[in-house]
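Numbering (this note's numbering), first residue to last: 65 to 166. The beta-carbon is built from N, C-alpha and C at its ideal position, and this holds for glycine as well. Written out below as structure tokens is the structure these notes cover.
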Amino acid sequence: MAKLHTHFNDGDFLNHKEYAFEIMEYLSEHPEELNLYNLLFEYGFKDSLISHKLKEFFVSGEYDVYLHEQRVADIHNTLIPLDEFPQWFVNKFPQWKDLFYY
Numbered sequence: 065m066a067k068l069h070t071h072f073n074d075g076d077f078l079n080h081k082e083y084a085f086e087i088m089e090y091l092s093e094h095p096e097e098l099n100l101y102n103l104l105f106e107y108g109f110k111d112s113l114i115s116h117k118l119k120e121f122f123v124s125g126e127y128d129v130y131l132h133e134q135r136v137a138d139i140h141n142t143l144i145p146l147d148e149f150p151q152w153f154v155n156k157f158p159q160w161k162d163l164f165y166y
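Encoded structure:
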């Protein structure tokens, strides 16, 4: 039986590379969703192709403002806390719940 974990399973994470592209598409419509940027960065750290696509994605839009806001929010701890992130994520984005349910 799958259960909610506090961190994604690296194997499952990389088995769902398509989620990175879906999240980029979501962010192109909702760039203010600052809590998703760190998740995308995790994909970029683990896969060089996704890292390249992320770079293209971030230079293709007006993301510098949002990346700055995300960084400031991260430093000031105003993002969803890491221990609450999985539950927030699967509630808000059930289509990607496989990242935390395994």
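Notebook entry, point to check: Per the contact definition of three or more C-beta pairs closer than 8 Å, is the region 118-128 in contact with the region 144-157?
Noted result: As far as the Cβ criterion goes, the region 144-157 does not touch the region 118-128, which means the pair count is below three.
Note to self: Pop quiz: K110 and L146 are said to be a contact at Cβ under 8 Å. What is the actual Cβ separation, rounded to whole angstroms?
What the structure shows: Translated into positions along the sequence shown, residue 110 becomes position 46. Translated into positions along the sequence shown, residue 146 becomes position 82. Not really, about 17 Å apart at Cβ, beyond 8 Å.
Item checked: Alpha-carbon spacing of L98 relative to S115, whole angstroms -> Reading the sequence shown from its first residue, position 34 is the one you call residue 98. Reading the sequence shown from its first residue, position 51 is the one you call residue 115. L98 and S115 have their alpha carbons spaced roughly 18 Å apart.
Check: Can you tell me the Cα-Cα spacing of D162 and Y107, whole angstroms?
Finding: Counted from its first residue, the sequence shown places residue 162 at position 98. Counted from its first residue, the sequence shown places residue 107 at position 43. If I take the Cα positions, the gap works out to 15 Å.
Margin query: Determine whether the beta carbon atoms of L143 and A137 lie at a separation below 8 Å.
Written below: Along the sequence shown, read from residue 1 onward, the residue named residue 143 stands at position 79. Along the sequence shown, read from residue 1 onward, the residue named residue 137 stands at position 73. Their beta carbons are under 8 Å apart, which means L143 touches A137 by this criterion.
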